[in-house]
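Report on the following structure.
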Amino acid sequence: MSFRKDRRGFIFSLDATLAMLIVLIVMAGVARMAGPELVYGQHGYLRLERYANDTLEVMQLRGKMDLIVNYVKQEYSENAENLTRSELRKILPTEVQFKFVVGDRLTVYPSDAADWDTTFSNVEEIAVATRMTTFPGNQNEEAFEPITLYVWRGPTLEED
Amino acid sequence: MFFALTLTVLVVCYSGLALEQARRQAEGYALRYSLERTANDAADVLIKTVGRPSNWEENVENLETLGLVLAPNRLSMKKFEELRSLCAWENWGNNPAKSDAEQAVRDLFGNSENFEIRLIDENTGEEMWQSIWPRWQSGTTSGAAASLEVVVVKRLVAITEIDIREEIRGILRISGPPHIYRLDFEVESGGLDTLDWYIVLRPSKTTQPVVKIWVNREVEETETWDYHFPDMKPPFYGQEEPIYQPIYKIRYHGEDGVGAQSAENFVPLHEGSNFIEIKVTGAEETVDVFIIVLPRCSPSGWTLLGEFGTLEVRLWR
Chain C
0 MSFRKDRRGF IFSLDATLAM LIVLIVMAGV ARMAGPELVY GQHGYLRLER YANDTLEVMQ
60 LRGKMDLIVN YVKQEYSENA ENLTRSELRK ILPTEVQFKF VVGDRLTVYP SDAADWDTTF
120 SNVEEIAVAT RMTTFPGNQN EEAFEPITLY VWRGPTLEED
Chain S
0 MFFALTLTVL VVCYSGLALE QARRQAEGYA LRYSLERTAN DAADVLIKTV GRPSNWEENV
60 ENLETLGLVL APNRLSMKKF EELRSLCAWE NWGNNPAKSD AEQAVRDLFG NSENFEIRLI
120 DENTGEEMWQ SIWPRWQSGT TSGAAASLEV VVVKRLVAIT EIDIREEIRG ILRISGPPHI
180 YRLDFEVESG GLDTLDWYIV LRPSKTTQPV VKIWVNREVE ETETWDYHFP DMKPPFYGQE
240 EPIYQPIYKI RYHGEDGVGA QSAENFVPLH EGSNFIEIKV TGAEETVDVF IIVLPRCSPS
300 GWTLLGEFGT LEVRLWR
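Chains C and S are the protein sequences, given in the same order.
Okay, so the first sequence: first residue is 0 according to numbering that gives the first Met the number 0, each after it adds one.
Okay, so the second sequence: first residue is 0 according to numbering that gives the first Met the number 0, each after it adds one.
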C-alpha cells in the first residue's frame, strides 16, 4: 500500500467553509437563547428604577427633601450636600451608587472623589426618578426646578 | 457531497432542537414573567395603597383588599402586625369569620398561599421584624427555601410609627475622665398622653461601653443615675445570662420613669423642653443614643426598628 494510491480525503471549498460558519452561528444563537440572563437582566433594571422612585418618596416622607431644598434655597450648599449624602447612604444599599441633582444648583455623589463624572457617563444601566420643586425666580415669580435622582450599581469611589 | 449531507442533517437536527428549546424558553419565560408580574403588582399594592377599608387593621374581618401603608411608601406596623396575626398558624383557616379576609390576602398573590412578606435591612439582609407567611409558626421557615423558582421583589418604605426625635451617633469612649453628653428634645402639647417615650441605645458591644443616663437633671457625682447600661439588676431566675436590652421607657402608657433606678429621683417629662445627660465609661467602644417616640401602647420592640426598611415580597410556585 503506497501513499500515492490512497487518495481519500476532504476538500474544504469556500462553500463548505461558509456552511460551517452558518452552522456555528446558528448553534451559538441557540445556546445564547437558552441562557437565563435576559429575564434576570430585566428584573435587575426594574429594581433599580424602584430604588430611585422609592428613595425619593421615603426622603419626602421623612421631611429630608424639604430640608435639603431649604438649604439649597438659603445657599447652604455644604449642609445640603452633607444631608443628602448621609440620607442617601442610609437608604440605599452599599452596592447602589447615586447622583442627586437639584436643578443646576446642587449635584451630590456618594463621595468627593473626582472621578464620579467619568464613572457616571460610562455607566450602562442607570435608573432615574424626578420630583419637582419651586425656587424663587425673577420678579417674585416662582420657578419650577427638577430634583433628579440617578442610581446605578457599582463600587463606590474613595476620595483622593 | 458527503460533507454537505452531514451539514444538512446537522442543521435539520439542530433546528428541531432549537425549536424545542425556543418553545420551552417561551413557556418558562411566560410562567416566570407571570410570577414576577404578580409579585411586582402585589408589592406595589402593599406599599402604595392603604387597603380597603382604609382602617381594616381595626377589624381584620372587614378586609376586602390588602394594603400595608398609611400613605404611599409609609408602612404601618399596625397593619403589618394585623396581617401577621391573621396569617399565624393558629388563626389561618381556623376562623370562618375571617375566611373572606384570608381570601383577600390570597387574591393579592394570584390566589396562592406561596408567599412571604419580610421587613429587612437591605444592607445586612437581616430581618427587622418577624416575617409573614400563611400558617407561620415561630422556629419554622416558609416554603421559599424549598422552591426552585422564587421571585423576590424589594421596595423601600418609611416606617410610620417610628419617630426618632433626637439622636447622637458614634459616641466614642476614650481613655481619661468620661465626657458628659447632653441631648435636648421637645415634648409637644398632648405628647405625654398620646405617645410613649423611649431612650434607645445602640452599643457596639453587647455590654460595652457602660452608659449612665440622667433624665431632666444634670449628672451627679453621687451617681444616682436613672438608667444604666448594661442593666445592673440581677438576671431573672432561671435565665442563664442576663438580657441586656438597651431600651428605657421614660414615659410608657402614661407612667413615668419605668424601670428607673429610683422613682423618687426621677424627674418626669413635661411639655416643652426636656433633656437627658449621658456619661460614657468602660471599654473603648462606641454607642448611639436615640430619643424615640411611638404611638401610645405600641409594642416596645418597634423602637429597635429603623425609620425605614425594605419590604420584601417573595412568591414561588
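Every residue gets a Cβ at the ideal spot worked out from N, C-alpha and C, and that includes glycine.
Keep in mind it's a predicted model, so treat the numbers as computed, not measured.
- Apart from sequence neighbours up to five positions away, the residues of its chain that approach Thr223 of chain S with a beta-carbon distance below 6 Å are Asn264, ordered along the chain.
- Boundaries of the beta strand (DSSP E) around Ala70 of chain S: Val68 to Ala70.
- A Cβ of chain S is located within less than 8 Å of the beta carbon of Tyr50 of chain C.
- Only buried fits Thr54 of chain C, as 16 or more other CB atoms lie within 10 angstroms of its CB.
- In the three-state reduction of the DSSP assignment, Ile173 of chain S falls in the coil class.
- Short of 7 Å from the beta carbon of Arg51 of chain S, and not among the five residues preceding or following it, lie these beta carbons of its own chain, in chain order: Glu63 and Thr64.
- Under the 10 Å beta carbon count, Gln129 of chain S is surrounded by fewer than 16 other beta carbons and is classified as exposed.
- Within the DSSP secondary-structure output, Thr132 of chain C pairs in a beta bridge with C:Glu144.
- Secondary structure of Glu19 of chain S (DSSP, three-state): helix.
- Around Phe307 of chain S, the beta-carbon contacts reaching into chain C at under 9 Å are Val57, Leu60, Arg61, Lys89 and Ile90.
- In this model, Ile10 of chain C and Leu18 of chain S are separated by some 32 Å (Cα to Cα).
- Counting the other CB atoms within 10 Å of its CB gives Asn72 of chain S a total of 16 or more, which places it among the buried residues.
- The C-beta of Asp53 of chain C comes closer than 8 Å to at least one C-beta of chain S.
- Nearest C-alpha to Arg250 of chain S among S:Trp301, S:Ala100, S:Glu112 and S:Leu194: S:Leu194.
- Taking a contact to require three or more Cβ pairs closer than 8 Å, the segment 53-62 of chain S and the segment 71-86 of chain S qualify as touching.
- Unbroken beta strand (DSSP E) stretches of 3 residues or longer found wholly inside the segment 234-311 of chain S: 246-251, 254-257, 271-280 and 285-294, given in chain order.
- DSSP places Lys211 of chain S in the uninterrupted beta strand (DSSP E) bounded by Val209 to Val214.
- At a cut-off of 8 Å between beta carbons, Asn72 of chain S contacts chain C.
- The C-alpha of Asn215 of chain S lies about 38 Å from the C-alpha of Gly124 of chain S.
- The beta-bridge partner set that DSSP reports for Lys204 of chain S is empty.
- Looking at the DSSP output, Leu314 of chain S bridges to S:Phe114 and S:Val150.
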